[in-house]
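Right, one structure below, let's go through it.
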Amino acid sequence: MNAVRDTGLIFHNHVRQNLRNPTWVIILVVQPLLYLVLFGPLLENLGAAYAGGVDPWLVFTPGMILMIAIFGSAFAGFGMVVELRSGVIERERVTPASRTALLLGRVAKDVLVLLMQSLLLVAIAVLAFGVRPSPAGLALTLLLIALVGAGFASASYMLALRTRSEGGMASVLNSITVPLLLLSGILLPMTLAPGWLEGISRANPLSYTVDAIRALFAGEFAASEVAVGSAVTVVVAVLLAVAGARTFRRDNA
Amino acid sequence: MITARNLARTFTTRSGPVEAVRGVDIDVAEGEIVGLLGPNGAGKTTTLRMLTTLLGATGGEATVAGHDLRRDPRGVRSSIGYVAQGGASLDEAVVIEELVLQARLFGLSKTAALVNAEELVTTFGLRDLRQRACKQLSGGQRRRVDISLGLVHRPRLIFLDEPTTGLDPQSRTNLWEHIRKLRAGGVTIVLTTHYLDEADALCDRVLVMDQGTIVAEGSPDELKQRITGDIVTIELAGTEHVDLHDEHTLHDDTFDEGAQPGRPKLHSRTDDVVQVARAAVDVRSTLVEHHRIHVTVDRGDQSIIPLLRALDAAGINIAAITMKRPSLDDVFLTVTGRSLSDAEQDVAPAAA
Ligand SMILES: Nc1ncnc2c1ncn2[C@@H]1O[C@H](COP(=O)(O)OP(=O)(O)OP(=O)(O)O)[C@@H](O)[C@H]1O
Ligand SMILES: [Mg+2]
Chain A
2 MNAVRDTGLI FHNHVRQNLR NPTWVIILVV QPLLYLVLFG PLLENLGAAY
52 AGGVDPWLVF TPGMILMIAI FGSAFAGFGM VVELRSGVIE RERVTPASRT
102 ALLLGRVAKD VLVLLMQSLL LVAIAVLAFG VRPSPAGLAL TLLLIALVGA
152 GFASASYMLA LRTRSEGGMA SVLNSITVPL LLLSGILLPM TLAPGWLEGI
202 SRANPLSYTV DAIRALFAGE FAASEVAVGS AVTVVVAVLL AVAGARTFRR
252 DNA
Chain B
88 MITARNLART FTTRSGPVEA VRGVDIDVAE GEIVGLLGPN GAGKTTTLRM
138 LTTLLGATGG EATVAGHDLR RDPRGVRSSI GYVAQGGASL DEAVVIEELV
188 LQARLFGLSK TAALVNAEEL VTTFGLRDLR QRACKQLSGG QRRRVDISLG
238 LVHRPRLIFL DEPTTGLDPQ SRTNLWEHIR KLRAGGVTIV LTTHYLDEAD
288 ALCDRVLVMD QGTIVAEGSP DELKQRITGD IVTIELAGTE HVDLHDEHTL
338 HDDTFDEGAQ PGRPKLHSRT DDVVQVARAA VDVRSTLVEH HRIHVTVDRG
388 DQSIIPLLRA LDAAGINIAA ITMKRPSLDD VFLTVTGRSL SDAEQDVAPA
438 AA
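Heads up: the protein sequence lines correspond to chains A and B, in order. Be aware that the first sequence starts at 2, since it is given in this note's numbering, and climbs by one per residue. Be aware that the second sequence starts at 88, since it is given in this note's numbering, and climbs by one per residue.
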């Protein structure tokens, strides 16, 4: 009970701080727009090679949502480096509030931001590019996206606690997120890849997530990709969140 | 309120282990104000961070506010307040919101949190600043916010790490008053400081730390008895550099002040001062340094006026008279045989 209350307090505090920061609002609106407008049209001309006959926007839009989930959440830890340096984290860690709640409150805020960005992106895709996702599929997609965001945000906070510096975080993030993105099939489907590359991509949990949300967008709920992708997403998100909470609980982190 | 036995913390760094705290015993009774005094790197912050559960001890054990440090860290946390040396507020955050959040994380209701926060901003002169972002405050104002953040849930045991660093004299006195008021209400306080006058004004007991150990312990009075005393410095008038260039000395461009017409030789004047001072007050020792005479006395504050009167009566013109209270440096010198300012270097000056 107390942990829920404390999570809520931290969540509320961070949402309030985000709302106060106008640059955040601008990024929230502009970033998804850029992906759709500046990258999406390239795919229309790729035709069947890209989407295998279906509307390319139906393949591209879920990929872009996932990309926002990865990058937006992976960078969450930068805010915590600032909080660590200013003594805020230490101040919260000396309260009886559960340390897991201190982490989850922040993660919940990141997930909220991510869901708003995703909805905005979908709205633009629907209005400007005529995408017609399955409504139930969209809802389930957002659920999986929330899990991915929660996992990446937890991992990012864990990284912030370990490195305690923007420089250290940036180098680790760059060396992890870029290969993860390239090996996920988010930008271009892995069906285009030669065998060895596709093989490697199968080791990347994100490739299962992207397959699942593409199937969900298309309304193919019975596809095996949905079940496998959802299971992989849940497991990875829980593992990352548990690892993050453990790091946060360590007495000398 | 606090019992610590053999509490130790060793950090592992790339260049090898750092023994920040080497097994200290600390006892603090309820309602006491205890000061940790020591030079940079003595281990004061590390000790406080262990007692507040922020840092795991690598040795020893402690009970804080009735809770075992290792077995019940949460119990400890729910009973204490902590003001860190380096601050605790976020640039962008609004003062009053930070205070309310902090109180609520300690379990207070929204109303109670707001009442306490409003009361503290008034106490610490932040009433008009309470809707400001922390980055819009001056250093001292922000320090007062940090202090308020540690007190807002009204803990019964408070740890303050160098609370007055960066405060102007008025805010400092104000904080001292508040601390005394808290003590009068039965609150126990552990604070660290570099200033003996602060320890003197506030603390019932002082622990002097050096290189991770407690090297002396006692009430401020007990500690001060080990110290040599206050130093009053008397500066003779008419010996400044400009004097050498006035009409009388223009043609005599030397530093031999004895050559100045109508003025006695410098050394005889300083001798006079020493004589007069010895007659006027209880002098422990004197030291003459060109035109400055350092007189060590038991109570500098009570010696200045008699000294001035006696010097005046003897017709000695003085330019300035200053007093230096016994500093932590002097306590430290007495206790460890090393000067505090040299403590981090390996210089051991020949102490008296
Ligand atoms: N995280 C750390 N890793 C390695 N060494 C540390 C760490 N924190 C402190 N130390 C070392 O431990 C010793 C004690 O540090 P501490 O901060 O407790 O000193 P202090 O008495 O509070 O000093 P100050 O008056 O400067 O605040 C110092 O030598 C310091 O360099
Ligand atoms: Mg310190």
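Glycine is no exception: its CB is placed at the ideal position from the N, C-alpha and C atoms. Please read these numbers as outputs of a predicted model, since none were measured by experiment.
Using beta-carbon positions only, say whether B/L141 and B/A149 come within less than 9 Å of one another. no
Host alpha helix (DSSP H) of B/L269 (start-end): P256 to A271
Using the beta-carbon of each residue, find all residues closer than 7 Å to any heavy atom of ligand 2 and list them in chain order. B/K131, B/T132, B/Q172, B/D248, B/E249 and B/T279
Count the other CB atoms within 10 Å of the CB of B/K197; is the residue buried (16 or more) or exposed (fewer)? exposed
Note the first and the last residue of the continuous alpha helix (DSSP H) segment covering A/L59. P57 to A75
Inter-residue spacing [alpha-carbon to alpha-carbon] between B/T210 and B/R241: 13 Å
Given this structure, state the Cα-to-Cα distance separating B/R92 from B/D399, to the nearest angstrom. 57 Å
Under a CB-based cut-off of 9 Å, is A/R94 close to chain B? yes
Is B/F98 close to ligand 3? I mean its beta-carbon at under 8 Å from any heavy atom of the ligand. Among the ligands modelled here, namely ligand 1 and ligand 2, ligand 3 does not occur.
For B/P307, which of helix, strand or coil comes out of DSSP? helix
Taking any Cβ of chain A, which residues in the region 135-153 of chain B have a Cβ under 7 Å from it, in chain order? T139, T140, L141, L142 and G143
Could you check what DSSP says for B/G147 in three-state terms: helix, strand or coil? strand
What would DSSP say about B/V87, mapped onto helix, strand or coil? Missing from the structure shown is residue 87 of chain B; chain B here goes from 88 to 439 and no further.
Can you tell me whether A/P134 is buried or exposed, with buried defined as 16 or more other CB within 10 angstroms of its CB? buried
When the distance is taken between beta carbons, is A/T234 closer than 9 Å to A/L145? yes
Nearest-angstrom Cα separation, counted from A/V114 out to A/Q32: 13 Å
Once the 5 residues before and after B/K411 are set aside, which same chain residues still bring their CB inside 6 Å of it? I318
Counting only Cβ pairs nearer than 7 Å, list the residues of chain A close to B/Y169. V95
For A/D212, count the other beta carbons within 10 Å of its own beta carbon; 16 or more makes it buried, fewer makes it exposed. Which is it? buried
Is the beta carbon of B/V111 within less than 8 Å of some heavy atom of ligand 1? no
Tell me, to the nearest whole angstrom, how far the beta carbon of B/L247 is from that of B/L278; I am working on the premise that it is less than 8 Å. 4 Å
Give the single residue among A/W197, A/A194 and A/S119 whose Cα lies nearest to the Cα of A/V149. A/S119
Among the candidates B/R379, B/T409, B/K311 and B/R365, whose CA atom is the shortest distance from the CA of B/A401? B/R365
Counting contacts by CB-CB distance shorter than 9 Å, is B/G226 in contact with chain A? no
Closest by CA to A/G73, which one among A/F153, A/L128 and A/V227? A/F153
With 9 Å as the limit, tell me which residues of the region 16-32 of chain A have their beta carbon closer than that to any beta carbon of chain B; keep them in chain order. R17, Q18, R21 and N22
Do A/E1 and A/R215 have their C-beta atoms closer together than 9 Å? The question about residue 1 of chain A has no answer here: the residues shown for chain A are numbered 2 through 254.
Anyone know if the C-beta pair for B/G305 and B/E117 falls short of 9 Å? no
Which residues in chain A sit within 9 Å of B/D178, going by Cβ to Cβ distance? V83 and S87
Tell me the residue span of the beta strand (DSSP E) that contains B/K197. B/K197 -> not in any beta strand (DSSP E); alpha helix (DSSP H) instead, spanning K197 to T210.
Would you kindly work out how many angstroms separate the C-alpha atoms of A/N205 and A/I66, rounded to a whole number? 17 Å
Can you tell me the Cα-Cα spacing of A/S176 and A/M191, whole angstroms? 21 Å
From A/A50 to A/V89, what distance separates their C-alpha atoms? 51 Å
For A/L160 and A/F222, the rounded distance between their alpha carbons: 35 Å
Would you call the region 97-113 of chain B and the region 260-269 of chain B in contact, with 3 or more CB pairs under 8 Å? no
Taking C-alpha atoms, which residue in B/V302, B/P393, B/I403 and B/G173 lies nearest to B/E322? B/I403
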